[in-house]
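The next block holds one structure in the form of structure tokens; read it before the comments.
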Amino acid sequence: MGMSHKKGLSRLFASLTEIFGLGRALSLCVVLFVSLVLILAIFCFIRSAPPHTITISTGPNGSKFQTNAEKYRVILARNHVNLKIISSKGSIENLQRLN
């Protein structure tokens, strides 16, 4: 390690000590803790992003439900979301799939 690197670290620790009014080690722990919380918050935010694929259960082929689902497929595709359409025999089968 060069002398300028040591002076830079010394200045950093002095600044931390001055800002937090704590010792070097405790100031460094505070900065590391805040950094960890920030990284965790970013990770949770990214992980909670909406899905890229959605599955929908419609009515029989050619029904109004399936026609509406096709319209939704086009709308969602504009936002790069894939809509998977599964036809069904009716409402009872749709409820069974939800359960």
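Under the numbering used here, residues 527 to 625 are what the sequence shown spells out, in order.
For every residue, glycine included, the Cβ atom is placed at its ideal position computed from N, Cα and C.
- Between the beta-carbon of residue 581 and that of residue 610 there is about 4 Å, and that keeps the pair under the 8 Å contact cut.
- Going by beta carbons, residue 617 and residue 586 fall outside the 8 Å limit.
- Residue environment: residue 584 is assigned as buried (16 or more neighbouring CB atoms within 10 Å of its CB, all protein chains considered).
- The C-alpha of residue 619 lies about 40 Å from the C-alpha of residue 567.
- Classified as buried, residue 553 has 16 or more neighbouring CB atoms from the shown chains inside 10 Å of its CB.
- Rounded to the nearest angstrom, the gap between the Cα atoms of residue 577 and residue 565 is 22 Å.
- In the three-state reduction of the DSSP assignment, residue 608 falls in the strand class.
- For residue 581, the enclosing beta strand (DSSP E) begins and ends at 579-583.
- Between the alpha carbons of residue 593 and residue 572 lies a gap of roughly 33 Å.
- Here residue 542 is buried: its Cβ has 16 or more other Cβ atoms, across all protein chains shown, within 10 Å.
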